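Engineer: Can you keep this structure in mind? I'll have questions shortly.
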Amino acid sequence: MGIWKFDPYHTQVEFSAKHLGMMTVRGHFAEVTATGDLYPDQPERSKVDVSINTASIRTHNEQRDNDLRSSYFLEIEKYPTITFKSTKIETKGKDRGTLTGDLTIKGVTKPVTLNVVKYGEFNDPAMGHRIGYAAETKINRKDFGMNFDAMANGKFVVSHDIQINIEGELVEVEKKVEAGTTSNRAGTTSAP
């Protein structure tokens, strides 16, 4: 067991929605903080907590980004963060499983389940102990108070279903040895 954090340089939280039922519009959140207690050999004992800065939403279109930040969607002034707290992890085969947790958007909390795939594990003295994961799920934005429902030609401007895709590398955080304690790694005792 170890304490793990997402590597912010190798973490992506992306989403997509349909525009007029045709074009897929994709975006991401640039500011994501995630931590967890992970047991790589016993994933069902693991926990993950995620916090996303809603103002960091990006879709490669400033006007659309501002619309998404407004009261029609994320209402960032009132709800500056999206959070996810895991409640259950289940193994579904080698390097596959599900991650269930409480997703909170705009003050509304709903359970969601993500399908998870472990990409691999890497342990290097310079880069640290890393595990790569991908996760995906679909939510209905209206379940979270994003009720904007403009229509054009009989089609929703923005689909209700939002696809969420996450990829990330988790890095094990070394526990610091306090002065006057014994370090099991080096087998030495610190002097007071």
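All residue numbers for the sequence shown refer to this note's numbering, where the first residue is 12 and numbers rise by one.
Glycine is no exception: its CB is placed at the ideal position from the N, C-alpha and C atoms.
Because the structure is a prediction, the values reported are computed rather than measured.
(1) May I have the straight-line CA-CA distance separating residue 153 from residue 129, to the nearest angstrom?
(2) I'd like to check one pair, residue 49 with residue 57: are the Cβ atoms closer than 8 Å?
(3) Say whether the stretch 78-90 touches the stretch 130-138, bearing in mind that this needs 3 or more beta-carbon pairs closer than 8 Å, one atom from each stretch.
(4) From the DSSP output, in three-state form, read off residue 89 for me.
(5) Tell me the DSSP bridge mates of residue 37?
(6) Apply the 10 Å Cβ neighbour rule to residue 20 and answer buried if 16 or more other Cβ atoms are within range, or exposed otherwise.
(7) Would you report the Cα separation of residue 35 and residue 54, rounded to the nearest angstrom?
(8) Looking at C-beta atoms only, is the number of pairs between the stretch 62-82 and the stretch 119-126 that lie closer than 8 Å three or more?
(9) Using a Cβ-Cβ cutoff of less than 6 Å, which residues in the same chain neighbour residue 41 once the five nearest sequence positions on both sides are dropped?
(10) So for residue 65, helix, strand or coil by DSSP?
(11) Near residue 24, which residues of its chain fall below 7 Å by C-beta distance, leaving aside the five closest residues on each side in sequence?
(12) Here's the rule I'm using: 16 or more other beta-carbon atoms within 10 Å means buried, otherwise exposed. How should residue 162 be labelled?
(13) Compare the Cα-Cα distances from residue 45 to each of 22, 169, 30 and report the closest residue.
(14) Going by alpha carbons, who is nearest to residue 102 out of 113, 170, 148, 52?
(15) Could you pull out every unbroken beta strand (DSSP E) segment of at least 3 residues lying fully inside the stretch 120-173, listed in chain order?
Structural biologist: Working from what's here:
(1) To locate residue 153, count along the sequence shown from 1; it is residue 142. To locate residue 129, count along the sequence shown from 1; it is residue 118. Cα-Cα distance, rounded: 30 Å.
(2) To locate residue 57, count along the sequence shown from 1; it is residue 46. To locate residue 49, count along the sequence shown from 1; it is residue 38. Yes. Within cutoff.
(3) no
(4) Against the sequence shown, residue 89 aligns to sequence position 78. Residue state, collapsed to three classes: coil.
(5) For the purposes of this step, residue 37 is identified with residue 26 of the sequence shown, where counting begins at 1. 27, per the DSSP bridge assignment.
(6) Position 9 of the sequence shown holds residue 20. Label assigned to residue 20: exposed.
(7) The residue labelled residue 35 in the question sits at position 24 within the sequence shown. The residue labelled residue 54 in the question sits at position 43 within the sequence shown. The alpha-carbon atoms of residue 35 and residue 54 are separated by roughly 34 Å.
(8) no
(9) Reading the sequence shown from its first residue, position 30 is the one you call residue 41. The answer, listed in chain order, is 67, 69.
(10) Counting from 1 along the sequence shown, the entry for residue 65 is found at position 54. Helix.
(11) The residue labelled residue 24 in the question sits at position 13 within the sequence shown. Contacts found: 39, 40, 43, 63, 177.
(12) The residue given as residue 162 occupies position 151 in the sequence shown. Flag for residue 162 reads exposed.
(13) One-based indexing of the sequence shown puts residue 45 at position 34. Its Cα nearest to that of residue 45, the residue 22 stands out among 22, 169, 30.
(14) The count along the sequence shown starts at 1 and reaches residue 102 at position 91. Here the closest residue by C-alpha is 52.
(15) 139-151
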